[in-house]
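K.L.:
Below: one structure in structure tokens.
Protein chains: 2
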Amino acid sequence: MQTEEEILKIKKVKNTAVRTVVLRHLLSQEKAQSLKDIENALAYTDRSSIFRTLKTFEENKVIHSIEDGSGMTKYAVCAKGCNCDPKDLHYHFYCTNCDKTFCLFDVPIPKIQLPENFKLQQANMVVKGLCDNCNK
Amino acid sequence: MQTEEEILKIKKVKNTAVRTVVLRHLLSQEKAQSLKDIENALAYTDRSSIFRTLKTFEENKVIHSIEDGSGMTKYAVCAKGCNCDPKDLHYHFYCTNCDKTFCLFDVPIPKIQLPENFKLQQANMVVKGLCDNCNK
DNA sequence: CTTTTACTGCAACTCGATTGCAAAGATTAC
DNA sequence: GTAATCTTTGCAATCGAGTTGCAGTAAAAG
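For the protein sequence lines, the chains are A and B, in the order given.
Position 2 of the first sequence, counting from 1, maps to 2 under full-length UniProt numbering, and the rest follow consecutively.
Position 6 of the second sequence, counting from 1, maps to 6 under full-length UniProt numbering, and the rest follow consecutively.
In structure tokens form, the structure reads like this:
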């Protein structure tokens, strides 16, 4: 596992106090985090600072965002070597019971055969259901 | 193509003036519509009435909603026989240039091999890029 | 050390989504 | 048919996630 400092250095994002704590928090969580999740976890950091930090991280491919249909955008740290290209796509799993969103890095995404002359740039693939913990 | 009345009858939704015009509008559009799209198209119908109509339609599987990442939920009429089960899944294509969202009924969705003990209920699969009209 | 640029915190604001309430319309009971 | 009941509709207000302006602070450049 890389440290926050190493990740920021690799992605050429200047290190600051807010950026370090936000990234540390994201790394410490198994599920993708919303702005509110982060805000609640970091009591002394301002919402707009976290918000701008997330934007900066996203622009520089430190994290990626997920629209899981919960009404709040979630964020998760990109896997090592990820460039957020279509080739880096993975499914996200949204548990309708516990409300958590996971990255399914290990489930391959098949090639999508788009209609004639359509160009793939990105995708947001959210699978919804029950996670192993809630499916009992 | 079925009429609005036929669809509502099949889905056991009582027919009203608002429901007819909302469904008629959705049927007339090739792209999925947001609440605002519908509101703009139906000048004399109240937003909250359209909103509640969409909720009713969704509950009764008349339409399905799509989170395409544009910030506004879009709605499209379900295909004939659709029960909004996983088997009725299809990709949605969001054009990053013209901002339209289409249902890709003809692109098959491969079986997703979820991790052990996860249960699939639904999915929101949005592919983003350029549509044929914008890819020139 | 001074100037310039970037980051942070606060408060205000935007806008899509949602709800409370009363009036209007439809349905059921008598 | 009429009264009582339930549903739908329109208006206005509210909620909440996301976003921005601005001034103060910190860091980098000269």
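Idealized CB from N, CA, C, for every residue including glycine.
In whole angstroms, what separates the C-alpha of B:I66 from that of A:V18?
P.N.:
Approximately 34 angstroms between the Cα atoms of the pair.
K.L.:
Which chain A residues are close to B:E6, counting only those with a beta carbon under 8 angstroms from its beta carbon?
P.N.:
Within chain A, no residue comes near B:E6; the closest Cβ sits about 29 angstroms away, beyond 8 angstroms.
K.L.:
At the level of alpha carbons, what is the spacing between B:F57 and B:V13?
P.N.:
Taking the straight line from one Cα to the other gives about 8 angstroms.
K.L.:
Quick check on this structure: which residue in A:R52, A:D132 and A:A32 has the alpha carbon closest to the alpha carbon of A:A79?
P.N.:
Minimum Cα distance to A:A79 is reached at A:A32.
K.L.:
Using beta-carbon positions only, say whether B:I50 and B:I38 come within less than 8 angstroms of one another.
P.N.:
Contact flag set, yes.
K.L.:
Give me the Cα-Cα distance between A:K111 and B:T45, rounded to the nearest whole angstrom.
P.N.:
Spanning the two alpha carbons is a distance of roughly 43 angstroms.
K.L.:
Would you mind sorting A:D99 into buried or exposed? The rule is 16 or more other CB atoms within 10 Å of its CB.
P.N.:
The residue is exposed, with fewer than 16 neighbouring Cβ atoms inside 10 Å.
K.L.:
Looking at A:K119: is its Cβ nearer than 8 angstroms to the Cβ of B:L130?
P.N.:
Going by C-beta atoms, A:K119 is nearer than 8 angstroms to B:L130.
K.L.:
Which residue marks the beginning of the alpha helix (DSSP H) containing A:H25, and which one marks its end?
P.N.:
It spans A17 to S28 - the alpha helix (DSSP H) in which A:H25 sits, taken as one unbroken run.
K.L.:
Can you pull the chain B residues whose beta carbon is under 8 angstroms from the beta carbon of A:A123, in chain order?
P.N.:
Within chain B, the residues near A:A123 are M125, V126, V127 and K128.
K.L.:
Just the Cα atoms here: how many angstroms apart are A:C103 and B:A123?
P.N.:
Rounded to whole angstroms, A:C103 to B:A123 spans 14 angstroms at the Cα level.
K.L.:
Could you give the C-beta distance for B:N15 and B:L8, rounded to a whole number, given that I count them as a contact under 8 angstroms?
P.N.:
With 8 angstroms as the limit, B:N15 and B:L8 qualify as a contact, their Cβ atoms being about 5 angstroms apart.
K.L.:
Apply the 10 Å Cβ neighbour rule to A:A76 and answer buried if 16 or more other Cβ atoms are within range, or exposed otherwise.
P.N.:
Under this definition A:A76 is a buried residue.
K.L.:
Could you list the residues in the stretch 92-105 of chain B with a C-beta less than 8 angstroms from some C-beta on chain A, going in chain order?
P.N.:
The stretch 92-105 of chain B vs chain A, Cβ under 8 angstroms: F93, T96 and L104.
K.L.:
Using a Cβ-Cβ cut-off of 8 angstroms, state whether A:N60 counts as contacting chain B.
P.N.:
No, because no Cβ of chain B sits closer than 8 angstroms to the Cβ of A:N60.
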